[in-house]
Amino acid sequence: MSGAGASGSSGLTGPSGLGRGLGAALFAVLVWGGQLPIAKGIFPALDGFSISVVRYGVAFLCFIPLLVWLEGLRAFVAQGRDLKLVVVAGIAMGASALLMITGLARTRPEIAVLILGLQPAMTAIADWAVWKKRPPAFTLACLALAFAGVAIAVTRGGDAILNPAPAVRGEVLGNLLTFGAATAWVSYVLITTRLHGWSTIRVSALTSGPAVALVLAAWGIAWLAGATYANEEVLPAASWRLAYVSVVGVVISMFLWNYGAKKIGAVNAMLLLNLMPVVTFAFRAAEGARFVPSEIAGAAIVVGALVANNVYLRRRPRRLS
């Protein structure tokens, strides 16, 4: 749900291109910010496994004809190392989808979005561990602050640890599953960066194949275990939510995001992405959700730390030049 990758050049284009790029990237962020609360509203009608089948099945059916139209049938050919990367990346994508939706069923959207907001930080740490690309000291400080902010929000300032009610214990499992989803998506991002010369649509289309296969296999196991359900009485009312999280939230927003990232630059795009928790909190507030002060403080720390890091990274090349 959160898998935004800021691909493309980091340079800016002309004023008109900048405006269109800014609008496209901002629209994608607004879409993703509302995605978790909207997805949460599907659970009375459909289980998480079935939601994943619909979401990624629809996206897969959209990606395939788009790839044929844009690049032809030869784009489906992947051999040797590239084929292995596609399969492993697709499995990581499918695992992220399953962990995210099962985690969301057990936690709140406003907490899940903060955990997902750590993905850029997790990617920087993974880059350091795998490729020995040590982040600047300021970035490490911001990442530590962001993790602390998530801890404050998740534990409600420590109250959830001191007074662990049954509902809170259920949220802990949901938060762990969400963190697992974020980890799986970071793995997907790191793997797909090794597909040199591939377009975004080609990567998305080919990796969605193994992802859909994994999601279908998980759905089959859940169906045999009696863990799937469909409430036909409320399912029609949830159809717009399914369309949102599959077509709008995956296909349309992905194209807008990548278009915007190319126009305004990767660093500027990531700066906009930090607004996603703000959008989610605003959406939940409009739904009538109430937040304790520690949740708001934790969210503010996360957003502030991530924005500060992005601003630092944006200005750093100027200081180094």
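Residue numbering for the sequence shown follows UniProt numbering, beginning at 1 and increasing consecutively. The C-beta atom is built at its ideal place from N, Cα and C for all residues, glycine as well.
Leaving out five residues on either side along the sequence, give the residues of the same chain with a beta carbon under 7 Å from the beta carbon of residue 287.
37
Just mark residue 277 as buried or exposed, buried being the case when its beta carbon has 16 or more other beta carbons within 10 Å.
Residue 277 should be labelled buried.
If you run the structure through DSSP and keep just helix, strand and coil, what is residue 46?
strand
Using 8 Å as the Cβ pair cut-off and three pairs as the minimum, do the region 88-95 and the region 188-198 touch?
Short answer: they touch.
I need the straight-line Cα distance from residue 235 to residue 97, nearest angstrom please.
21 Å
DSSP three-state call for residue 230: helix, strand or coil?
Residue state, collapsed to three classes: strand.
If you drop the 5 nearest sequence neighbours on each side, which residues of the same chain put their C-beta closer than 7 Å to that of residue 179?
Excluding residues within five positions, the ones whose Cβ falls inside 7 Å are 115.
May I ask you to check if the CB of residue 110 is nearer than 7 Å to at least one heavy atom of the ligand FMN?
Although the ligand FMN was asked about, the structure shown includes no ligands whatsoever.
How would you label residue 81, buried or exposed, when you count the other beta carbons within 10 angstroms and need 16 or more for buried?
Per the 10 Å Cβ criterion, exposed.
Would you call residue 214 buried or exposed, if buried means 16 or more other Cβ atoms sit within 10 Å of its Cβ?
buried
Cβ of residue 106 within 8 Å of Cβ of residue 171?
The Cβ atoms of residue 106 and residue 171 lie closer than 8 Å to each other.
Between residue 303 and residue 210, is the Cβ-Cβ spacing less than 8 Å?
no
How is residue 136 classed by DSSP in three states: helix, strand or coil?
Coil.
Got a sec? Which residues, its chain only, sit under 8 Å from residue 11 by beta carbon, not counting five neighbours each side?
Residue placement at residue 11 is poorly supported in this model, since its pLDDT is 47, which falls under 50; the coordinates are not used for a value here.
Taking the C-alpha atoms as reference points, what is the distance between residue 118 and residue 254?
19 Å
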